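Beneath this line is the structure, given in structure tokens, with notes to follow.
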Amino acid sequence: MDIAKYLTVIDALCAGEFPADDGRSAPDGTAAGDRTVALETSRGTSAGDASVRERALADLHACREAIAERLHERWGRQQPWGQQTVRLRLARGEEIPEPWAVLSLLTDELDVWQLTGTARWLAIGLADRDDADEIRLLATVTQTPPP
Numbered sequence: 001m002d003i004a005k006y007l008t009v010i011d012a013l014c015a016g017e018f019p020a021d022d023g024r025s026a027p028d029g030t031a032a033g034d035r036t037v038a039l040e041t042s043r044g045t046s047a048g049d050a051s052v053r054e055r056a057l058a059d060l061h062a063c064r065e066a067i068a069e070r071l072h073e074r075w076g077r078q079q080p081w082g083q084q085t086v087r088l089r090l091a092r093g094e095e096i097p098e099p100w101a102v103l104s105l106l107t108d109e110l111d112v113w114q115l116t117g118t119a120r121w122l123a124i125g126l127a128d129r130d131d132a133d134e135i136r137l138l139a140t141v142t143q144t145p146p147p
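Numbering-wise (the UniProt record's numbering), the sequence shown opens with residue 1 and increments by one.
Quick look at the structure:
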């Protein structure tokens, strides 16, 4: 895992222009004005071997922590943002804006920063809630503040 490469991708994501809002959602369920990329995806963890999945999860968690440490240096230390409350609010019928609704269903915890001098937010987290799917280290940039 190449932390420098992931930070370069995050920098490009943060600096990029957002497409105009045409009312369509991106394939991952996020809306126009949001961008989500998988920085890393596990291989072979959806096959059912719990030990393989646990090792991959530990590796990706360590990678997420290393990225977060570098981003804390840029934008200040933030507490991880648990997603259970957002999922509960969704279950009660509350409308949660994208990309936060989708991210709450994919991740248990996000690291979130508001980008200095902009109206943009960056979130990184592990999409690991579905054992039948590969684990993904996600980075999302959005203009929508967290709920």
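All C-beta atoms in this analysis are idealised placements derived from N, C-alpha and C, irrespective of residue type, glycine included. All values reported here derive from a predicted model rather than from experimental measurement.
Proximity winner among the options, relative to residue i (alpha-carbon distances)
| i | options | result |
| --- | --- | --- |
| residue 7 | 83, 67, 132, 137 | 67 |
| residue 132 | 9, 42, 100, 37 | 42 |
| residue 100 | 113, 116, 114, 83 | 83 |
| residue 115 | 10, 136, 90, 5 | 10 |
| residue 110 | 139, 120, 97, 93 | 139 |
| residue 61 | 1, 104, 120 | 1 |
| residue 3 | 97, 69, 56 | 69 |
| residue 5 | 40, 76, 144 | 40 |
Distance between residue j and residue i (C-alpha atoms, nearest Å)
| i | j | result |
| --- | --- | --- |
| residue 59 | residue 126 | 11 Å |
| residue 52 | residue 46 | 9 Å |
| residue 95 | residue 89 | 8 Å |
| residue 86 | residue 54 | 25 Å |
| residue 21 | residue 108 | Model confidence at residue 21 stands at a pLDDT of 47, short of 50, so the residue's coordinates are unreliable and nothing is read from them. |
| residue 76 | residue 48 | 38 Å |
| residue 16 | residue 120 | 11 Å |
| residue 74 | residue 145 | 19 Å |
8 Å contact criterion, which residue i and residue j should meet: CB distance rounded
| i | j | result |
| --- | --- | --- |
| residue 37 | residue 13 | 6 Å |
| residue 135 | residue 56 | 6 Å |
Within 8 Å, strictly: CB atoms of residue i and residue j
| i | j | result |
| --- | --- | --- |
| residue 122 | residue 64 | no |
| residue 78 | residue 102 | no |
| residue 34 | residue 142 | yes |
| residue 97 | residue 147 | yes |
| residue 106 | residue 92 | no |
CB contact below 8 Å: residue i versus chain C
| i | result |
| --- | --- |
| residue 123 | Protein chain content of the structure displayed is limited to a single chain, and chain C is not contained in it. |
Original post:
Along the chain, which unbroken stretches of the alpha helix (DSSP H) at least 4 residues long are found entirely within the stretch 69-138?
Top reply: 84-91, 100-106
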